[in-house]
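Since the structure comes first, as structure tokens, the remarks are kept for the end.
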Amino acid sequence: EPEVTQTPSHQVTQMGQEVILRCVPISNHLYFYWYRQILGQKVEFLVSFYNNEISEKSEIFDDQFSVERPDGSNFTLKIRSTKLEDSAMYFCASSRDRPIYFGEGSWLTVV
Amino acid sequence: AQSVAQPEDQVNVAEGNPLTVKCTYSVSGNPYLFWYVQYPNRGLQFLLKYITGDNLVKGSYGFEAEFNKSQTSFHLKKPSALVSDSALYFCAVRDLSSASKIIFGSGTRLSIRP
């Protein structure tokens with residue numbers, strides 16, 4: 022069964038550093054998302070991406086964040102100048118129509 | 124604005140007993156409704172969805188959910204709980220008018236005791 026894959030599974034970074042989280046969505050999917058979850062709490066929407074542009078973003082997704090689909094298969098989330106409060110599990114997701122399928126997540130720890 | 128509410132932070136059930144995890148929703152149009160499960164240190168796994176049709180939808184691992192439009196609810200159910208069902212369960216809604224994001228509830232931790 023096709024699945025969304027994410028790398029790295031876990032990254033520790035120093036405050037102020039840039040981080041890139043990578044995702045390979047399911048191949049025939051058209052919509053791509055990033056969500057985050059802090060310490061097993063609520064899953065929060067960050068951004069959705071369709072037709073090579075951001076279709077919607079939350080108030081969390083400020084200028085510190087950016088997304089890119091550089092080569093037609095990968096979908097990346099870049100966090101510039103990380104803060105302690107960016108420590109969370111980041112989930113990539115993709116969909117073609119109704120259900121959204123999630124990856125296993127990238128656990129980011131900012132120290 | 125669309126939203127979902129899961130009124131229970133935790134549900135405790137004995138193995139073999141039926142379980143219900145509650146969810147209510149609020150959307151401006153017709154909803155797409157979903158349940159996801161998260162096992163410890165794992166990602167979000169799709170369980171089931173309601174779009175149209177029968178109000179009782181069946182999903183993975185013997186779970187089912189009942190859509191009730193008048194009560195705006197979409198409760199997750201299972202006739203006989205297993206210890207392995209212990210996990211964090213999220214209800215989610217997607218507005219039919221938007222081909223975009225889904226919104227998650229706050230999650231309910233289901234604990235099944237042997």
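Going down the list, the sequences are from chains Y and W. Numbering follows the numbering used here, with no gaps: position 86 of the first sequence is 107. Numbering follows the numbering used here, with no gaps: position 33 of the second sequence is 156. Heads up, the beta-carbon is just placed ideally off N, CA and C, and yes, glycines get one too. Here the structure is a predicted model, which means the values were calculated and not measured.
>> Taking the straight line between their C-alpha atoms, what separation do you get for Trp158/W and Lys201/W?
In response: Numbered from 1 along the second sequence, position 35 holds the residue referred to as residue 158/W. Numbered from 1 along the second sequence, position 78 holds the residue referred to as residue 201/W. About 13 angstroms.
> Mapping DSSP to helix, strand and coil, what is Ser193/W?
Replying inline: Your numbering for residue 193/W matches position 70 in the second sequence. Look at Ser193/W here: in three-state DSSP terms it is coil, with no helix or strand label.
> Are at least three pairs of beta-carbons, each pair with one atom in the segment 223-230 of chain W and one in the segment 183-192 of chain W, less than 8 angstroms apart?
Replying inline: Verdict: no, contact absent.
>> Need the endpoints of the beta strand (DSSP E) that Glu74/Y sits in, please.
In response: Along the first sequence, read from residue 1 onward, the residue named residue 74/Y stands at position 53. Glu74/Y -> beta strand (DSSP E) spans Glu74 to Lys78.
>> Please identify, using Cβ separations under 9 angstroms, the residues of the segment 107-131 of chain Y that lie next to chain W, in order along the chain.
In response: Cβ contacts with chain W come from Met110, Phe112, Ala114, Ser116, Asp118, Arg119, Pro120, Ile121, Tyr122, Phe123, Gly124, Glu125, Gly126 and Trp128.
> Would you call the segment 99-117 of chain Y and the segment 45-60 of chain Y touching, i.e. three or more CB-CB distances under 8 angstroms?
Replying inline: Three or more Cβ pairs drawn from the segment 99-117 of chain Y and the segment 45-60 of chain Y lie within less than 8 angstroms of each other, which places the two stretches in contact.
> Does the segment 95-103 of chain Y come within contact of the segment 37-45 of chain Y, defined as at least 3 CB pairs closer than 8 angstroms?
Replying inline: Between the segment 95-103 of chain Y and the segment 37-45 of chain Y, the count of C-beta pairs closer than 8 angstroms reaches three or more; the two stretches touch.
> What did DSSP end up calling Tyr184/W once you bin it into helix, strand or coil?
Replying inline: Reading the second sequence from its first residue, position 61 is the one you call residue 184/W. Here Tyr184/W sits in helix by DSSP.
> Just the Cα atoms here: how many angstroms apart are Gln125/W and Gly126/Y?
Replying inline: Taking the first residue of the second sequence as position 1, residue 125/W is located at position 2. Taking the first residue of the first sequence as position 1, residue 126/Y is located at position 105. So the two alpha carbons sit approximately 25 angstroms from each other.
> Using CA coordinates, which residue listed in Ser94/Y, Cys113/Y and Ala109/Y is at the minimum distance from Gln32/Y?
Replying inline: Counting from 1 along the first sequence, the entry for residue 32/Y is found at position 11. The residue with the shortest Cα to Cα distance from Gln32/Y is Ala109/Y.
> Mind checking if Leu167/W is an interface residue toward chain Y, Cβ cutoff 7 angstroms exclusive?
Replying inline: Translated into the one-based positions of the second sequence, residue 167/W becomes position 44. Closer than 7 angstroms to the CB of Leu167/W there is at least one CB belonging to chain Y.
>> So Arg232/W and Gln133/W are supposed to be a Cβ contact under 8 angstroms. How far apart are they, rounded?
In response: Within the second sequence, numbered from 1, the residue matching residue 232/W stands at position 109. Within the second sequence, numbered from 1, the residue matching residue 133/W stands at position 10. About 5 angstroms separates the two Cβ atoms, so the contact holds.
>> Measuring alpha carbon to alpha carbon, tell me which residue in Cys113/Y, Val131/Y and Val132/Y is nearest Gly166/W.
In response: Position 43 of the second sequence, counted from the start, is the residue given in the question as residue 166/W. Considering only alpha carbons, the answer is Cys113/Y.
>> Taking the alpha carbon of Tyr212/W as the reference point, which residue from Lys63/Y, Ile59/Y, Ile47/Y and Val25/Y has its own alpha carbon closest?
In response: Along the second sequence, one-based indexing puts residue 212/W at 89. Measuring from the Cα of Tyr212/W, the nearest candidate turns out to be Lys63/Y.
> What residue from Leu205/W, Asp177/W and Gln194/W has the CA that sits closest to Lys145/W's CA?
Replying inline: Here residue 145/W corresponds to residue number 22 of the second sequence, with the count starting at 1. Nearest of Leu205/W, Asp177/W and Gln194/W to Lys145/W, Cα basis: Gln194/W.
> Which chain Y residues are close to Ile235/W, counting only those with a beta carbon under 9 angstroms from its beta carbon?
Replying inline: Looking up residue 235/W in the second sequence gives position 112. Those within 9 angstroms of Ile235/W in chain Y number zero; the least Cβ separation is about 18 angstroms.
>> Looking only at its chain, what residues have a beta carbon closer than 6 angstroms to the beta carbon of Leu42/Y, apart from the 5 residues adjacent to it on each side?
In response: Mapped onto the first sequence, residue 42/Y falls at position 21. Only Leu98, Tyr111 and Ser127 meet the Cβ criterion.
>> With distance defined between alpha-carbon atoms, name the residue in Lys78/Y, Phe123/Y and Ser69/Y nearest to Arg90/Y.
In response: Taking the first residue of the first sequence as position 1, residue 90/Y is located at position 69. Out of Lys78/Y, Phe123/Y and Ser69/Y, Ser69/Y has the C-alpha closest to the C-alpha of Arg90/Y.
> Alpha carbon to alpha carbon, what distance is there between Phe190/W and Thr130/Y?
Replying inline: The residue given as residue 130/Y occupies position 109 in the first sequence. The residue given as residue 190/W occupies position 67 in the second sequence. Distance between the alpha carbons of Thr130/Y and Phe190/W: 39 angstroms.
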